[in-house]
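FYI, in the numbering used here the residues of the sequence shown are 162 to 245.
From the three backbone atoms N, C-alpha and C, an ideal C-beta is built for every residue, glycine too.
These numbers were taken from a predicted model, which means no experiment stands behind them.
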Amino acid sequence: MVGLIGIAVIVLIVIFAIFYGYGLILKQERSSNPFNLKVKCTLCGRFFDKENLVERAIGIEKLYYFCGDCIKSLYTEHLNKKQN
Numbered sequence: 162m163v164g165l166i167g168i169a170v171i172v173l174i175v176i177f178a179i180f181y182g183y184g185l186i187l188k189q190e191r192s193s194n195p196f197n198l199k200v201k202c203t204l205c206g207r208f209f210d211k212e213n214l215v216e217r218a219i220g221i222e223k224l225y226y227f228c229g230d231c232i233k234s235l236y237t238e239h240l241n242k243k244q245n
């Protein structure tokens with residue numbers, strides 16, 4: 162009798178997990194092209210296609226994205242500091 166109740170509880174937990182996961186999938190934001198993601202530049206905050214940004218990983222989980230304009234401005238600042 163106790164074993165039957167335990168199995169019923171486990172089955173209910175599995176069913177709940179399935180419906181909860183399905184609900185999370187339905188709440189995800191949909192895009193027309195999932196491979197063409199918009200990502201925010203870490204420095205200026207503008208959104209670009211991910212393929213147009215330079216990606217750098219710091220540590221295990223932290224990713225930074227940089228647009229071409231920000232890279233150019235950092236490079237010119239670096240050159241100006243070296244000359245002074």
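The Cβ atoms of Cys-202 and Tyr-226 sit closer than 9 Å to each other. No residue range can be given for Lys-211, since it is assigned to no beta strand (DSSP E) and is classified by DSSP as neither H nor E. Exclusion of the five residues before and after Leu-198 leaves Lys-211 as the residues of its chain whose Cβ lies within less than 6 Å of its Cβ. Assignment of beta-bridge partners to Lys-233 by DSSP yields no partner. In the DSSP assignment, Leu-224 forms a beta bridge with Ala-218.
Asn-241 is positioned such that its CB atom lies no closer than 9 Å to that of Gly-229. Contact between Val-200 and Phe-208 holds, since their C-beta atoms are separated by about 7 Å, short of 8 Å.
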